[in-house]
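One structure is given below, encoded as structure tokens.
Residue numbers (my numbering): 4 to 158.
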């Protein structure tokens with residue numbers, strides 16, 4: 004299934020899941036997270052939410068990796084706000100007692116920057132710091148590119 008993620012091929016991922024079930028194995032949190040990640044690669048947030056719902060119906064609780072992948076799907080689809088938006092997923096994640104990590108925050112920050120919502124990207128960065136999450140090179144690059152894109156850097 005990891006190959007499906009790299010290729011972003013949802014059809015192959017469905018087939019791999021079908022074969023998994025046919026062999027008597029059951030999907031777990033990692034399996035569902037992979038399916039959500041494949042949806043994210045194709046900016047298919049609605050399908051990603053469908054996988055989350057299937058996961059929950061199967062009695063499997065999402066983890067931080069699952070919800071970070073869902074935030075990625077929302078971001079790539081341009082769904083930052085609303086009931087199926089990236090910020091809602093982050094809020095739900097925190098309400099569930101899951102701790103966002105550097106990947107979660109960086110994914111959301113990058114989505115904000117790419118959507119030309121620099122104030123939101125900066126707010127995510129500030130929240131990240133306030134929560135004690137250390138930014139990495141990818142975080143800084145995403146914020147820097149967002150600032151460049153918006154002309155917010157001055158010599």
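Glycine included, every Cβ here is placed at the ideal spot set by N, Cα and C. Every value quoted in this text rests on a predicted model; they were computed, and no experiment measured them.
Beta-carbon contacts of residue i that lie in its chain and below 8 angstroms, excluding the five residues immediately before and after
i	result
residue 139	105 and 109
residue 95	70
residue 125	146
residue 63	30, 31, 32 and 35
residue 97	103
residue 128	108, 112, 138, 142 and 146
residue 132	138
Closest Cα partner of residue i within the set the options
i	options	result
residue 147	134, 133, 135 and 122	122
residue 152	126, 42 and 120	120
residue 88	99, 73 and 101	73
residue 90	24, 150 and 130	130
residue 144	114, 50 and 93	114
Sub-8 angstroms separation of residue i and residue j beta-carbons
i	j	result
residue 76	residue 118	no
residue 103	residue 67	yes
residue 149	residue 116	yes
residue 142	residue 112	yes
residue 51	residue 37	no
residue 61	residue 82	no
Proximal residues to residue i (C-beta, below 7 angstroms), its chain only, five neighbours per side dropped
i	result
residue 158	In this prediction, residue 158 scores a pLDDT of 44, lower than 50, which makes its location untrustworthy; no coordinate-derived value is stated.
Endpoints, alpha helix (DSSP H) assigned at residue i
i	result
residue 47	It is not in any alpha helix (DSSP H) - residue 47 carries neither H nor E in the DSSP assignment.
residue 117	105–117
residue 125	121–133
residue 141	140–153
In the stretch 51–103, which residue ranges form an unbroken alpha helix (DSSP H) of at least 4 residues, counting only runs that do not cross its ends? 67–79 and 89–98
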